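Below is one structure, written out as structure tokens, with a few remarks after it.
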Amino acid sequence: MVDEMAALHSNGTWDLVVLPSGKSTVGCRWVYAVKVGPDGQVDRLKARVVAKGYTQIYGSDYGETFSPVAKIASVRLLLSMAAMCSWPLYQLDIKNAFLHGDLAEEVYIEQPPGFVAQGESGLVCRLRRSLYGLKQSPRAWFGCFSSVFVNSNDQLADIFTKSLRGPRIKYTCNKLGAYDVYAPA
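The numbering of the sequence shown is my numbering, which starts it at 597 and goes up by one.
Okay, structure coming up:
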């Protein structure tokens, strides 16, 4: 729990403020997980602060929540293209991934249980960055991720987020350097 709080503070996830009138808070709680290694032994115990997103109100606490998700067919296409062209594949694991997305809305949460700032029990946390459990967290994380990794005007990432038909799939595959790719029209 101490490591999670240190990550939240070093990331600048929130500021302690007085709750403005007319605003409501979203609760939060600790969620625990036991991480097991490949041999079945307990690797580590993990704790995470999670917002109670089910209490959020559409329009005041959050707006849009859509975030693109890769379809399994797109992942298979990527893997087959990488195998055909002998491209190297890398796995990317970003610690505390959702904590990097900046929030567009003003969201206030209660201070995490057990970590209430001494002498500041009447204050709430105004979120600057997304937190696990919020309805807009996936969208905020995708906005951060796409601004860093997708910098092409051709939107080559379209192939991984939605179906492409006919000439568009051929154009995209040619930009990627792939040939003889068969897809239903």
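Heads up, the beta-carbon is just placed ideally off N, CA and C, and yes, glycines get one too. Given the structure is predicted, the values throughout are model-derived calculations rather than measurements.
query: Looking at the structure shown, is L612 part of a helix, part of a strand, or coil, going by DSSP?
result: strand
query: Residues bridged to T621 by DSSP?
result: Y704
One or two residues paired with R725 in a DSSP bridge: D698
- request: In the DSSP assignment, find the unbroken beta strand (DSSP E) run with A666 in it and report its ends.
  value: Here A666 belongs to no beta strand (DSSP E), and DSSP marks it neither H nor E.
- prompt: Could you give the C-beta distance for K631 and D639, rounded to a whole number, given that I count them as a contact under 8 Å?
  reply: 5 Å
query: What residue from L675, T621, D635 has the CA that sits closest to Y650's CA?
result: T621
query: Would W683 be called buried (16 or more neighbouring beta carbons within 10 Å of its own) or exposed?
result: exposed
- prompt: Which same chain residues, not among the five before or five after G538, have their C-beta less than 7 Å away from its C-beta?
  reply: Past the edges of the chain, shown from 597 to 781, lies residue 538, and the structure says nothing about it.
message: Is it buried or exposed, R722, if we count other Cβ atoms within 10 angstroms and call 16 or more buried?
response: buried
Distance, A603 Cα to L699 Cα: 17 Å
- request: Give me the Cα-Cα distance between V614 and S717, rounded to the nearest whole angstrom.
  value: 10 Å
message: Looking at the secondary structure, which residues open and close the beta strand (DSSP E) in which V638 lies?
response: 638-647
field: Residue span of the alpha helix (DSSP H) that contains M600, given as start and end
entry: First, the residue type needs correcting, since residue 600 is Glu and not Met in the sequence shown. That run of the alpha helix (DSSP H) goes 598-606.
- prompt: For V703, is the classification buried or exposed, using 16 other Cβ atoms within 10 angstroms of its Cβ as the cut-off for buried?
  reply: buried
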